[in-house]
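Engineer: Residues in the sequence shown are numbered consecutively from 1, following the UniProt record's numbering.
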Amino acid sequence: MELIEKAPAKINLGLDVLYKRPDEYHELEMVMSSVDLADHLFFEEIPEDRIIVETNKAFLPVDQRNNVYQAATLLKNKYHIKKGVKIFVKKNIPVAAGLGGGSTDCAAALRGINQLWNLGCSLEELAEIGLEVGTDVPYCVYGNTAFVGGKGEVVQVLPSMPQCWVILVKPKMSVSTRTVFKEVDAQKIQHQNIPRLVEAIQQQDYHTMIQYMGNSLEDVTGKRHPIIHQIKERMLKYGADAALMSGSGPTVFALCQHYSRAQRVYNGLKGFCDEVYLVRTL
């Protein structure tokens, strides 16, 4: 039996860093939403009692360093499973881009193995297990649009964000989330009005939503990589309704309600960066 699980990328409509916690993580308030750029995971039971992870990207590790491998190991050990699984990860989401590629793959692995082995775990249980691998994994278990708090363990599912087109632009460099957070000073950054953003999404008010979008990490990453600000400027120049860095970067996304405008932004950025995607919200 083969099972397929979709692992969509996420964007941060809002991200605020409140303070550094005693456990060295940061207390966050975020709003995340899934977009229709996705990896796909293919699951197959195998007779040997082991975990095999394969991928279409040769540069990705497929051992204990891989989030999918870690997710499978956690479930196998927790529920004392004495059979094996082979997981093929077809990657489409850029790596180390602020789009949650590793986290969404981990979440898809948890959901897929839960189904394959009939473990009967709830999404809440899978999210709790996923937190052991990464702080974005609990959100990715649920997907869609959600408020995320704490270090990532608090997930409040919201109505889907208003439908629109999303243009994703990934510059050539990769960004280390850990490095960005090391440089954050919660007392100096510009804070965001996340409650107002949540309210706008609940009311399906697109124009208020884009007004309150914001990312407190943007200036931190932007200081190291000025191209982020250049991409934003170009997006707005070509007619985007809003533009923002996602996560710790370096991917920048633009929102457009109308396809003709989205196409113009997409075409305007295509020659500026190699990796440009035009997708829908989910």
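Note that CB positions come from ideal geometry on N, CA and C, so glycine has one too.
What span of residues does the beta strand (DSSP E) with T145 cover, start to end?
Structural biologist: As a first step, residue 145 is located in the sequence shown; it is residue number 145 there, counting from the start. T145 to G150 is the extent of the beta strand (DSSP E) around T145.
Engineer: State the Cα-Cα distance for the pair I231 and P47, rounded to the nearest angstrom.
Structural biologist: The count along the sequence shown starts at 1 and reaches residue 231 at position 231. The count along the sequence shown starts at 1 and reaches residue 47 at position 47. Approximately 50 Å between the Cα atoms of the pair.
Engineer: How would you call Q190, buried or exposed, if buried means at least 16 neighbouring beta carbons within 10 angstroms?
Structural biologist: Residue mapping note: residue 190 aligns to position 190 of the sequence shown, counting from 1. Burial call: exposed.
Engineer: Whose C-alpha, out of S216, R264 and Y69, is nearest the C-alpha of G84?
Structural biologist: In the sequence shown, residue 84 corresponds to position 84, counting from 1. Looking at the Cα atoms, Y69 is the closest of the given residues.
Engineer: DSSP beta-bridge partners for K86?
Structural biologist: In the sequence shown, the residue the question calls residue 86 occupies position 86. Partner(s): E44 and I52.
Engineer: Taking C-alpha atoms, which residue in V169, F42, K170 and F88 lies nearest to A58?
Structural biologist: Here residue 58 refers to the residue found at position 58 of the sequence shown. Minimum Cα distance to A58 is reached at F88.
Engineer: Please classify Y277: does DSSP put it in a helix, a strand, or coil?
Structural biologist: Counted from its first residue, the sequence shown places residue 277 at position 277. In the structure shown, Y277 sits in a strand (DSSP, three-state: E or B).
Engineer: Need the endpoints of the beta strand (DSSP E) that E5 sits in, please.
Structural biologist: Along the sequence shown, one-based indexing puts residue 5 at 5. Residues E2 to K20.
Engineer: Between M209 and the ligand ADP, is the CB less than 7 Å from at least one heavy atom?
Structural biologist: Although the ligand ADP was asked about, the structure shown includes no ligands whatsoever.
Engineer: Note down, in chain order, each residue of its chain lying with its Cβ closer than 6 Å to the Cβ of I52, except the 5 sequence neighbours on either side.
Structural biologist: On the sequence shown, residue 52 is found 52 positions in, with the first residue counted as 1. Contacts found: K86.
Engineer: Return the CA-CA distance between K10 and S33, expressed in angstroms with no decimal places.
Structural biologist: Start at 1 with the first residue of the sequence shown, and residue 10 comes out as number 10. Start at 1 with the first residue of the sequence shown, and residue 33 comes out as number 33. Looking at the two C-alpha atoms, the distance is approximately 5 Å.
Engineer: Counting beta carbon pairs with one atom in the segment 178–194 and one in the segment 24–42, are three or more of them shorter than 8 Å?
Structural biologist: Yes, the segment 24–42 touches the segment 178–194.
Engineer: Going by CA-CA distance only, name the one from S246, H225, I227 and A242 that's closest to N215.
Structural biologist: The sequence position of residue 215 within the sequence shown is 215, counting from 1. Looking at the Cα atoms, S246 is the closest of the given residues.
Engineer: Can the beta-carbon of G150 be found less than 8 Å from the beta-carbon of S248?
Structural biologist: Reading the sequence shown from its first residue, position 150 is the one you call residue 150. Reading the sequence shown from its first residue, position 248 is the one you call residue 248. No, they are not a contact pair.
Engineer: For the structure I just gave you, are there three or more beta carbon pairs, one from the segment 152–169 and one from the segment 259–271, closer than 8 Å?
Structural biologist: Result yes; three or more Cβ-Cβ pairs closer than 8 Å.
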